[in-house]
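Notes follow the structure.
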Amino acid sequence: MLRHIATIVSFAIPLGFLAGCQTTPPDVKTEISKSVPSDYREQTALYFRRHLKDPYSVRDAEISGPTSAFAGILYGGTVPAVCVRLNAKNAYGAYMGITTYAIGFKDGKVSGAVQVVFDTCRKEQYEPYRELMTG
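Taking mature numbering (1 follows the signal peptide of the UniProt record, and there is no 0), I'd label the letters of the sequence shown as residues -19 to -1, 1 to 116.
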């Protein structure tokens, strides 16, 4: 019995990781990205000012245009999003290095942000994000 459970678990865990790597078809991604509000730059800057340890320390900030990101099955699958890369100080006062975040939107408002671990934002085109660097 334990052997069967171990076999099931050994297959389930890698499949779970692969589910996080799924991609969204281009036409669906385009439709979803249209749900990003027009004031996404301002909303995203406000979000980071409220949630970073030292929002006035931001350097090298860049933002992508509207896109979509996979938020997980529990959070609705693929959601409208933008990607942000920045370098800011942590709680110890040291710069963390360039970190990438995916910022999700729901009903026209920022619903949250996650630090990107996989290649969710790797293919996006970025531009300078001066609104975030001016504090």
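No residue lacks a Cβ here, since even glycine has one placed at the ideal position from N, Cα and C.
Look at the Cβ atom of residue i, then the Cβ atom of residue j, and state whether they are nearer than 8 Å.
i           : j     : result
Val65       : Phe86 : no
Leu67       : Val91 : no
residue 135 : Thr80 : Missing from the structure shown is residue 135; the chain here goes from -19 to 116 and no further.
Pro18       : Gly93 : no
Gln96       : Gly46 : no
On the criterion of 16 or more Cβ atoms from any shown chain inside 10 Å, does residue i qualify as buried, or is it exposed?
i      : result
Ala42  : buried
Pro109 : exposed
Ala69  : buried
Tyr82  : buried
Tyr28  : buried
Phe51  : buried
Ile54  : exposed
Thr101 : buried
What residue range does the alpha helix (DSSP H) around residue i cover?
i      : result
Leu113 : 111 to 114
Thr25  : 21 to 32
Would you list the one or two residues that DSSP bridges to residue i?
i     : result
Asn68 : Arg40
Thr59 : Phe51
Ser45 : Tyr107
Tyr76 : Lys70
Which whole-angstrom value describes the C-beta separation of residue i and residue j, a residue pair presumed to lie in contact below a C-beta threshold of 8 Å?
i     : j     : result
Ile44 : Arg22 : 6 Å
Thr25 : Ile84 : 5 Å
Lys34 : Ala72 : 5 Å
Starting from residue i, trace the beta strand (DSSP E) both ways and give me its first and last residue.
i     : result
Ser49 : 48 to 51
Gly85 : 80 to 87
Val95 : 90 to 96
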